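Following: one structure in structure tokens, then a few remarks.
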Amino acid sequence: MTALVKSRLSSNERWTYRQFPLAVGYKAFKNGVAVVDLATGLFRPGAAAKGLFVAGKFEEDIDATSVSKLVNINFSIEKEIEWWPNDTVAPVTLAMRGQLCFLLDDQTVTSSTAGASVAGRVWDVDAAKGVAVERVAQIATTSQGVAYGVAIAPAYVSTDSVIPASVQSGSVIDVPTTSAPSTITLPAAPADGTELLFIADGVKNGHTVQYRDVTGTVLLTTALTASKRHQCQCVALNGKWSANAYVSP
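For my numbering, count along the sequence shown from 1 and bump the result up by 6.
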């Protein structure tokens with residue numbers, strides 16, 4: 007879509023209950039904690055795992071052991087939802103349920119963080135209606151480093167973990183399990199002031215890890231020692247990433 011040139015009809019809804027897909031392999035039980043897996047946008051029972059966002063409670067018993075099924079979610083509090091047109095270049099997808107989306111113009115939302123401000127939290131995507139967005143408290147995505155939570159870096163493909171452009175400034179990111187000397191590639195065209203903090207636990211990183219800027223491609227750190235805890239702070243300025251890493255003794 008493009009920016010408005012005249013007034014638009016508003017499309018507001020209020021949700022307390024809503025059906026969402028329960029991920030295959032799980033069973034939902036009434037009044038159990040319902041979470042959305044931020045890596046897939048699918049719902050599952052709460053568990054001791056990272057990358058989950060609490061949505062509410064399950065309103066019914068559903069068995070999705072063999073195939074994904076719809077399950078009723080009780081949000082416990084009423085959500086005010088606005089349907090906004092979706093970007094056609096960097097569209098918001100169903101896999102982004104629970105994540106934040108961003109403003110492209112005065113009526114369009116996008117998955118791209120490049121130079122953009124937060125529009126709200128994604129709860130659904132529809133080809134006709136657009137993106138269901140819940141307003142959230144405005145938090146600056148600047149070098150003041152407000153944390154949006156803990157994320158898990160994507161699994162390595164050909165020994166490289168590519169961080170998506172949709173990652174939130176201030177995120178603390180868990181370095182995934184290595185199988186060989188590996189690299190982590192930071193997003194292209196980051197918004198100035200974007201900060202990411204990567205943490206390796208000294209166990210999953212059983213091989214060296216090196217951070218790089220996709221622009222170029224420029225290596226930002228040396229190969230950080232295998233099987234040692236490390237942290238790497240990455241900051242974007244003037245369209246480029248810099249990194250400062252520390253490895254435990």
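Positions of the beta carbon are idealized from the N, C-alpha and C atoms, including for glycine. Just so you know, these numbers come straight off a predicted model, no measurement behind them.
Buried or exposed, going by whether 16 or more other CB atoms sit within 10 Å of the CB of residue i?
i    : result
V30  : exposed
G62  : buried
D207 : exposed
Q144 : Residue placement at Q144 is poorly supported in this model, since its pLDDT is 49, which falls under 50; the coordinates are not used for a value here.
L10  : exposed
G176 : buried
A53  : exposed
V131 : buried
V60  : exposed
G126 : buried
A171 : buried
How many Å lie between residue i and residue j at the Cα?
i    : j    : result
K210 : E201 : 23 Å
L28  : G47  : 10 Å
S261 : G212 : Since the first and last residues shown for the chain are 7 and 255, residue 261 lies out of range.
T99  : G199 : 25 Å
P51  : F64  : 8 Å
A157 : T94  : 26 Å
T114 : K56  : 30 Å
S233 : T214 : 8 Å
K85  : E140 : 7 Å
S82  : N37  : 11 Å
L203 : V128 : 24 Å
Just curious, the beta strand (DSSP E) that residue i is in, first and last residue?
i    : result
F35  : Segment: none, F35 is in no beta strand (DSSP E) and carries neither H nor E.
I68  : 68-70
E19  : 18-28
E86  : 75-90
Y252 : 246-253
H236 : 235-243
T191 : 188-192
As a quick exercise: from the options, pick the residue whose alpha carbon is nearest that of residue i.
i    : options                : result
N244 : V115, V253, A194       : A194
L237 : Q216, G136, T223       : In the sequence as presented, Leu is not what sits at residue 237; that position holds Gln. The shortest Cα separation from Q237 among Q216, G136, T223 belongs to Q216.
T230 : S254, K12, R103, E88   : Note that residue 230 is Leu in the sequence shown here, rather than Thr. If we check each option's Cα against that of L230, S254 comes out closest.
T289 : D132, S167, N250       : Outside the displayed range of the chain (7 to 255) lies residue 289, so it cannot be described from this structure.
V173 : N250, V60, M102, E84   : M102
I87  : W21, F204, A251        : W21
S16  : E84, F59, A138         : A138
T228 : R235, A251, A242, T221 : A251
Y32  : T189, K75, T119        : K75
S13  : R235, D112, F204       : D112
S188 : A96, I205, Y162        : Y162
Skipping 5 residues on each side, what residues in its chain have a beta carbon closer than 7 Å to that of residue i?
i    : result
Q150 : Residue placement at Q150 is flagged as unreliable, the pLDDT there being 33, under the threshold of 50; a coordinate-derived value is accordingly withheld.
L225 : Q216, R218
Short of 8 Å in beta carbon distance, which residues of its chain neighbour residue i, apart from the five on each side in sequence? Order them along the chain.
i    : result
V122 : According to the sequence shown, residue 122 is Ala rather than Val. If we look at A122 and ignore the five residues flanking it on each side, its Cβ neighbours are F108, L109, L110, T116, A197.
V77  : Q25, F26, P27, L28, A34, A40, F49, F64, E65, E66, I68, A70
Quick one: residues in its chain with C-beta nearer than 6 Å to the C-beta of residue i, no 5 flanking neighbours on either side, listed in chain order?
i    : result
R24  : I79
K135 : W89
V241 : E201, S248
For chain C, check one thing: does any of its Cβ atoms lie closer than 8 Å to the Cβ of residue i?
i   : result
P51 : Among the protein chains of the structure shown there is no chain C, as only one such chain exists.
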